[in-house]
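Inspection log for the structure reproduced underneath, given as structure tokens.
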Amino acid sequence: MTQPQQPIAYGCYRHPDRPTYIRCQRCGRPICGDCMISAAVGFQCPECVAAGARETRQNEGPYGGLRSRNPRTTSLVLIGINIAVWAMIMLLGGDTGSLADLLALRPGGICLAADDPTQWFPDVTTAVQCATVDGLWQGGVSGGAWWQVLTSAFTHTAPLHLGMNMLSLWFLGPPMEAALGRARFLAVYLLSALAGSAAVVWLEAPAMQTLGASGAVFGLIGALIVVGLKVKADLQVAFTWLAINLIYSFLGPGISWQGHIGGLVGGLVTTAIIVYAPRKDRNRIQVAGLAGFGVLVLALIVVRVLQLA
Numbered sequence: 002m003t004q005p006q007q008p009i010a011y012g013c014y015r016h017p018d019r020p021t022y023i024r025c026q027r028c029g030r031p032i033c034g035d036c037m038i039s040a041a042v043g044f045q046c047p048e049c050v051a052a053g054a055r056e057t058r059q060n061e062g063p064y065g066g067l068r069s070r071n072p073r074t075t076s077l078v079l080i081g082i083n084i085a086v087w088a089m090i091m092l093l094g095g096d097t098g099s100l101a102d103l104l105a106l107r108p109g110g111i112c113l114a115a116d117d118p119t120q121w122f123p124d125v126t127t128a129v130q131c132a133t134v135d136g137l138w139q140g141g142v143s144g145g146a147w148w149q150v151l152t153s154a155f156t157h158t159a160p161l162h163l164g165m166n167m168l169s170l171w172f173l174g175p176p177m178e179a180a181l182g183r184a185r186f187l188a189v190y191l192l193s194a195l196a197g198s199a200a201v202v203w204l205e206a207p208a209m210q211t212l213g214a215s216g217a218v219f220g221l222i223g224a225l226i227v228v229g230l231k232v233k234a235d236l237q238v239a240f241t242w243l244a245i246n247l248i249y250s251f252l253g254p255g256i257s258w259q260g261h262i263g264g265l266v267g268g269l270v271t272t273a274i275i276v277y278a279p280r281k282d283r284n285r286i287q288v289a290g291l292a293g294f295g296v297l298v299l300a301l302i303v304v305r306v307l308q309l310a
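Count along the sequence shown from 1, then add 1; that gives the number in the numbering used here.
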């Protein structure tokens, strides 16, 4: 009768004086208790574990792209741009100055009284009509000021309005950049701002002027909710905060609920495109989805502007 062959103990490749029966599942080298690292199957040596970590691309974010080394950077830059624009507006006449009128969003145009620009003709809706009353026509997006759909998101005239928006951006921006990565976070922010402008162009009175980063900030609230749903987080505080802001948007005086709702929808859609894209060809799907959404929003703006023109 043949006796079963006893396993042979070998010296650990790092500690030759320590006999062991365990081998690394990847390279096959003998490893002692101090060197073995538990893996999905069996144990691995420290070198193979390190090599595996390098192969899994530690710098890749959970939804593709590179992780931000400092997730606060983009938010700080955006805050700096908003403050710089506000400072220039204050130097050039404040909310009645030319720069504020140039950057803020006005879907159509407005006929101002030539002798008193603070007065306007509400029943005059075209430049031709404005000329008949000796008024001063100030065109908006429909008059060729296409840049306003984006510059308005960086334009503030009231310090309180600026402060509230920048405070919200500071609280929401860094965690969203940490989750999405810098490029994707910036895409969500800008596309949310654009979606807010599209809602204003369609739903606001053509002569009314809208400004502020609120649409983009509401987009970040939408992004927070989508990411929270993806990771199954407790969103009670986020939904409460959203409800309070929505109530204030509809009941507060002089608040552009159109821009807030448009920005919220933009944040929900763009973030869903990013976090729910399948892992296979994820980057390509995300780019195509975000670009498609951007084209759709621009097309909606163009259609409305043609109507107003």
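Ideal Cβ positions, reconstructed from N, Cα and C, are used throughout, including at glycine.
In terms of DSSP beta bridges, what is residue i paired with?
| i | result |
| --- | --- |
| Glu-61 | Leu-67 |
| Ile-111 | Gln-139 |
| Pro-160 | Answer is none; Pro-160 lacks a bridge partner. |
| Tyr-249 | According to DSSP, which records beta bridges pairwise, Tyr-249 is partnered with nothing at all. |
| Gln-259 | Looking at the DSSP assignment, Gln-259 forms no beta bridge with any residue, so it has no partner. |
| Phe-44 | Ser-39 |
How would you call residue i, buried or exposed, if buried means at least 16 neighbouring beta carbons within 10 angstroms?
| i | result |
| --- | --- |
| Ile-9 | exposed |
| Phe-251 | exposed |
| Trp-148 | exposed |
| Ser-169 | buried |
| Arg-107 | buried |
| Ala-234 | exposed |
| Met-89 | exposed |
| Val-304 | exposed |
| Ser-39 | exposed |
| Asn-166 | buried |
| Asp-102 | buried |
Reducing DSSP to helix, strand and coil, say where residue i ends up.
| i | result |
| --- | --- |
| Pro-21 | Here residue 21 turns out to be Thr, not Pro, going by the sequence shown. Strand at Thr-21. |
| Pro-31 | strand |
| Thr-211 | strand |
| Leu-106 | strand |
| Tyr-11 | strand |
| Gln-120 | strand |
| Asp-96 | helix |
| Ala-146 | coil |
| Val-125 | coil |
| Tyr-277 | coil |
| Glu-205 | coil |
| Gly-182 | coil |
| Pro-254 | coil |
| Val-270 | helix |
| Val-134 | coil |
Does the CB of residue i have a neighbour CB from chain B at under 7 Å?
| i | result |
| --- | --- |
| Leu-291 | Within the model displayed, chain B is absent; a lone protein chain is all it includes. |
For the alpha helix (DSSP H) containing residue i, list its first residue and its last residue.
| i | result |
| --- | --- |
| Val-86 | 74-92 |
| Val-232 | No alpha helix (DSSP H) holds Val-232; DSSP gives it neither H nor E. |
| Gln-308 | 283-309 |
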